[in-house]
DNA sequence: TTTTTAGTTCGCAACAAAAAGAACCAAAAT
DNA sequence: ATTTTGGTTCTTTTTGTTGCGAACTAAAAA
């Protein structure tokens, strides 16, 4: 693949990742900044470089970066003799990612249990299938914990 | 717990589920209709009953129900000699739910692989940690497939 | 045939979210 | 001491979303 073609594809991928991240609740511009820092060969960008690269206002970048930092998505580093911040992705690890998924499942489980508790008839259609699902989710959560241990020991 | 107190708590739970579903991309009213059909003792509602219960306009209910049906969240049944549709939750099963989670993980994995493919330097910081994560996700997806089989055989 | 039921569709007003712009500020460089 | 850099904060503008109401429609009932 030619260099210019590769870079073109990277830009397209940033846009695609942007749309994807929007579905996870990030604002359009914020979602694309995430893509930028993840995809490009340059993996650390300063504030001004992001403004330049994405053609967005300073205020928008300022707010986007603050949000992404608060959410733990990115961090910045500095270099001696250089007053700029260099923003980059926080290198996630799988164990944490699995924890996140587990946490979300656990939340759904809690809600389902609250629904069941408040049902007048514990054998109603919804009560029954909710019990089935909560049982299943519990099974998976339990085993995923074991898998996490297994994976940790392997590495 | 007293009957009236229980019903009060059900209403509160609907509101809470509503806020929660909004985070998954559902519109406010739509998100609360999902709660209604899941939580209340009455588990099948007609169009007019939803209008009445939630105090929202017919057009809003019409659009919300169409969306929820398209997304496969709810379905309706009819009864002989009664022209109304009775809306209810589609009783999800765990295997499908796990499939959904797996599909999402697979999509993230695909994106990560596309990023790696387009990197000039395959040993860059991002390329390295992305490879680590994709390896991990693959491990989990593989094992979750096995767990799914195990669970299926148990039931 | 006319009326009622059970909805759907469309345009719009109100509101909320996103991004831009301008003014501002603290620290560093000149 | 003044200017420049690297941002932040506040206000405004732009854009998008949400739900309502009025008009409409197809099927069933009267």
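Protein chains in written order, with full-length UniProt numbering: chain A, 1 to 155; chain B, 1 to 155. Cβ atoms here follow ideal geometry from the backbone N, Cα and C, with glycine treated the same way.
Check	Outcome
Report buried or exposed for residue 106(A), applying the criterion of at least 16 other Cβ atoms within 10 angstroms of its Cβ.	exposed
So, under 8 Å CB-CB, residue 116(B) and residue 133(A) are touching, yes? Tell me the CB distance rounded to an integer number of Å.	Rounded, the Cβ-Cβ distance is 36 Å, inconsistent with contact.
Drop a sphere of 10 angstroms on the beta-carbon of residue 18(B), count the other beta-carbons inside from all chains shown, and report buried for 16 or more, exposed for fewer.	buried
What's the C-alpha gap between residue 32(B) and residue 151(A)?	40 Å
Got a sec: which bits of the UniProt domain "HTH marR-type" (26 to 84) of chain B sit with their beta carbon under 7 Å from any beta carbon on chain A, in order along the chain?	38, 39, 41 and 43
Indicate the three-state DSSP secondary structure (helix, strand or coil) for residue 87(A) in the structure shown.	strand
State yes or no: is the beta carbon of residue 121(B) nearer than 8 Å to at least one beta carbon in chain A?	yes
I'd like to know whether the C-beta atoms of residue 144(A) and residue 20(B) end up nearer to each other than 8 Å.	no
Any contact between the region 116 to 127 of chain A and the region 3 to 10 of chain B? By contact I mean 3 or more CB pairs, one from each, below 8 Å.	yes
Can you tell me which residues form a DSSP beta bridge with residue 52(B)?	In DSSP, residue 52(B) forms no bridge with anything.
Residue 49(A) and residue 88(A): beta carbons closer than 8 Å?	no
Do we get a CB-CB distance below 8 Å when we pair residue 87(B) with the residues of chain A?	no
Can you list, in chain order, the residues of its chain whose CB lies under 7 Å from that of residue 67(B), leaving out five sequence neighbours each side?	30
Could you confirm whether any beta carbon from chain A is found closer than 8 Å to the beta carbon of residue 109(B)?	no
Flag this pair as yes or no: are the beta carbons of residue 10(B) and residue 39(B) separated by less than 8 Å?	yes
Which residues, in chain order, does the region 14 to 26 of chain A contribute to contact with chain B at a C-beta distance below 9 Å?	16, 17, 20, 23 and 25
Could you tell me the distance, in whole angstroms, from the CA atom of residue 35(A) to the CA atom of residue 108(B)?	13 Å
For a contact defined as C-beta to C-beta under 7 Å, what are the partners of residue 160(A) on chain B?	Absent from the model: residue 160(A). The displayed extent of chain A is 1 to 155, so no value can be given.
What did DSSP end up calling residue 44(B) once you bin it into helix, strand or coil?	coil
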